[in-house]
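Going by the working numbering, the sequence shown opens with residue 3, and the numbers climb by one from there.
Cβ coordinates follow ideal geometry from the N, Cα and C atoms, glycine included.
On a predicted model such as this, the values are computed, not experimentally measured, just so you know.
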Amino acid sequence: MSGIAGMVMGRGGFADRTVLDRMLAGLNHRGPDGQGFAWSAEAADGRVESFVEQTLETGTWPARGPAAAIGRAVLGAGHPSGPPAVASYRTLLGVLDGEIHNATALRAMLPDDGQLPPTADEGAILLAVYAHLGPSGLARVVGGFALAIIDPGQRTLVLARDPYSVKPLFYATVEGGAIFASEIRALYQWPGLSRRVDAKRLYDYLETSNTDHGDATLFRAVRQVRAGYALTIPFLSPSAPLASRYHVQDLGGDSGLSITAAARELRERFLESVSLHLRSDPRLGFALSGGVDSSSIVAVARHLRGARLEMHGFTCAAGDGAPSELRFAEAVASGSDITLHTWIPDVRELPADFNHLLDVQGEPFTSPTIWAQHRLLRLAGELEIPAMFGGQGSDEMLGSYDWVMGARLASLTRAGRWFEALRFVLASGGIPGRGRAAMLRAWLGATMPGSLRSALGRQRPAAYYDYMDADWFRTRGVEPAEAGTERVNLRQRLHRTFAEAHLQAMLRFEDRNAMAASIETRMPFLAPSVVDFIFTLPEQYIISRDGSRKSVFRLAMRGLTQDAVLDRRDKIGFAMPVAEWLIMLKPWVEARLDVIRGIRALRPEAVDRQWRGVREGRSTADAFLLWRWISLATWIERYGVEIG
């Protein structure tokens with residue numbers, strides 16, 4: 003785990019050592035145990051010179067380009083006696099953020115050219131993979147990573163990000179060059195970098211709360227390297243980076259297995275992934291909600307490592323009558339001999355934490371669940387837990403969200419399987435909290451022609467929401483999109499949620515919270531062998547005939563995970579009573595409202611109407627929307643964002 007940063011300066015550009023020092027200092031929470039840097043520059047005679055300094059204490063620095071410089075802030079006991087901050091292979095120099103869990107297997111597939119010593123660290127192994135196989139070799143990596151490589155021979159800097167967006171990587175073009183960093187706030191150590199908001203991403207945030215798709219961010223000047231992409235930045239033309247996709251998920255395959263055989267195969271792959279992620283650590287943490295995913299990770303870890311592994315679980319219960327999975331988490335902890343740490347939030351602490359949490363996240367966050375996660379990871383950090391396991395990715399791949407029911411029903415009716423569709427509706431209507439009416443509405447949205455949906459009022463017209471200042475968005479070229487009919491199958495929709503929006507946001511929130519506590523995160527569902535296999539499975543293995551979701555995974559975990567957990571049909575997670583909390587925090591909320599009313603993209607009268615709706619208890623949705631605005635307003639205030 004670490005923070006990485008750097009710059010590329012073209013001819014005549016100035017590579018400022020002090021700026022890189024400040025960028026790395028801003029990432030110190032990601033790597034408080036040591037720092038190092040490297041640079042490569044074209045000399046006057048055309049030769050390319052390179053220099054590596056593992057401690058940032060000494061060394062020369064190229065004053066002018068063409069040049070590239072990279073730095074790394076490292077977390078790891080024993081540094082600098084441990085692995086070097088800057089990795090090298092042949093002439094390549096690189097810095098890595100993340101953990102590689104299959105480094106031994108990666109090394110074994112490389113030719114033995116004598117250039118990779120037996121003690122090579124994970125960063126050097128990744129450089130060797132890149133040297134021999136190119137960016138496509140990175141698709142074979144198990145683990146989350148962000149990687150920056152200086153290639154002096156090609157006079158390029160290459161930025162690459164893991165296929166599933168576990169680790170972040172941002173960049174911006176500046177006068178004379180380009181800069182990059184693990185977090186946006188580090189980029190703003192560069193003098194004069196614009197803080198103007200991206201109007202389209204602001205619209206997306208206000209509409210859906212999500213900005214994690216494509217390469218844009220809420221800052222117009224800042225982009226992110228997309229998951230599964232490599233970005234090549236030439237020394238001589240750093241303002242024109244070239245993006246190439248090295249990983250494309252195959253959605254056309256079919257395992258051809260029976261559900262029993264598929265469950266057996268998934269079990270083997272999942273156990274292998276958990277085993278790789280366990281590494282040799284004697285002590286680890288586990289986010290334990292009491293749901294199928296987190297409980298299964300705990301059960302498998304105990305099964306694989308036995309009593310040798312000291313396991314700590316972390317969960318929260320909102321209290322005040324809010325829905326909770328605490329009893330399931332306690333049962334799993336007891337059955338797996340895991341020490342359980344439970345945090346019960348006191349909403350009175352939220353205002354004091356809010357500004358700090360905005361600083362940690364760097365972008366607005368969309369619900370108090372992120373606060374709960376932050377506090378749990380802080381607790382784990384206080385207990386010196388080195389790494390935390392999480393179940394991210396499973397919900398997106400295995401269909402845990404409400405809309406999948408309507409999507410599955412649409413697949414059945416499109417195929418003309420009307421009797422099976424009727425049986426599906428009747429059987430799945432009994433799932434707690436998931437009524438048939440909601441399922442049928444989702445089915446209509448996925449199957450009805452657009453013209454008919456409009457006539458029946460089932461399709462939102464292409465109009466701005468009533469809380470938006472339409473003129474503000476229109477003058478900036480942002481027009482509302484008309485909701486279209488989804489003509490894709492369930493597998494494609496699941497992958498869209500997995501790859502383009504929801505999962506990226508969840509991983510972004512978790513990465514920032516974990517790094518603030520100097521804890522590494524491990525996601526065993528996000529191993530290529532697991533992901534690739536799940537996306538070959540037929541829909542009925544994901545959503546069973548009776549509407550049970552994650553059907554094949556539940557079958558795969560029989561005998562390991564407790565039956566009481568596997569037989570659950572409800573999903574709660576870390577539920578937070580948002581409306582009740584906002585009412586309890588009325589003075590703080592109303593102080594924030596003064597700032598919200600000053601956001602030109604919003605209509606002030608709509609802000610007041612929304613707050614009135616929350617106080618009168620008319621809609622839970624009102625509370626989440628109000629939270630979204632509070633987070634946005636505080637972010638604008640703290641980061642000096644220019645709305646214009």
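Rounded to the nearest whole angstrom, the C-alpha separation of leucine 400 and alanine 17 is 47 Å. From the listed residues His134, Gln375, Ala301, the smallest Cα separation to leucine 112 is found for His134. For tyrosine 166, the closest of Met525, Val300, Leu22, Glu481 by C-alpha to C-alpha distance is Met525. The beta carbon of tryptophan 373 sits closer than 7 Å to those of Leu352, Asp355, Leu359, all from its chain and outside the five residues before and after it, given in chain order. The beta-carbon distance between glutamate 185 and alanine 389, rounded to whole angstroms, is 20 Å. This is too long to meet the 8 Å contact definition. DSSP places glycine 337 in the helix class (H, G or I) of the three-state scheme. In this structure, the beta-carbon distance from arginine 304 to serine 275 does not fall below 8 Å. With the rule of 3 Cβ pairs closer than 8 Å, the segment 150-157 counts as touching the segment 92-99. Note on glutamate 481: under 16 other CB atoms within 10 angstroms of its CB, so exposed under the neighbour-count rule. By the Cβ neighbour-count rule, alanine 245 is exposed, with fewer than 16 other Cβ atoms within 10 Å of its own.
Per DSSP, reduced to three states, the secondary structure at arginine 551 is strand. The secondary-structure analysis by DSSP pairs histidine 314 across a beta bridge with Gly287, Thr341. Residue pairing by DSSP leaves arginine 570 without any beta bridge partner. Put simply, of Val250, Asp404, Met9, Val21 the residue whose alpha carbon is nearest the alpha carbon of phenylalanine 237 is Met9. Between glycine 364 and arginine 611, the C-beta gap is not smaller than 8 Å, which leaves the two residues out of contact. Your pair arginine 594 and threonine 636 checks out as a contact, with CB atoms roughly 7 Å apart and the cut at 8 Å. For glycine 178, the CB contacts under 6 Å within the same chain, skipping 5 residues up- and downstream, are Met11, Gly12, Gly15 in chain order.
The three-state secondary structure of serine 90, taken from DSSP, is strand. Assignment of tyrosine 467 by DSSP, reduced to helix, strand and coil, places it in the coil class.
A straight-line Cα-Cα distance of about 17 Å links leucine 306 and aspartate 295. Counted as a single uninterrupted DSSP element, the alpha helix (DSSP H) harbouring phenylalanine 421 occupies residues 420-430.
In the three-state scheme derived from DSSP, where H, G and I count as helix and E and B as strand, methionine 399 is classed as helix. Close CB contacts of glutamate 332 within its chain, under the 7 Å cut and outside five residues either way in sequence, are with Leu342 (chain order). Using a Cβ distance threshold of 8 Å, proline 64 and alanine 46 do not count as a contacting pair.
Our two residues, arginine 281 and glycine 73, have alpha carbons roughly 26 Å apart in a direct line.
In the DSSP assignment, valine 276 falls within the unbroken alpha helix (DSSP H) covering 261-280. In the structure shown, the three-state DSSP call for tryptophan 631 is helix. Taking a C-beta distance under 8 Å as the contact criterion, valine 50 and arginine 271 do not qualify as a contact pair. The distance from the Cβ of leucine 557 to that of alanine 265 is about 4 Å, consistent with a contact at the 8 Å cut-off. Taking the Cα positions, arginine 617 is about 13 Å away from proline 589.
Here leucine 306 carries a helix assignment [DSSP, helix/strand/coil]. DSSP places aspartate 596 within a helical segment (H, G or I) once states are collapsed to three.
Contact fails between the segment 539-558 and the segment 187-204, because fewer than three Cβ pairs, one in each stretch, are under 8 Å apart. Glycine 549 has its alpha-carbon roughly 26 Å from the corresponding atom of methionine 578. Looking at the DSSP output, glutamate 327 sits in no beta bridge, so it has no partner there.
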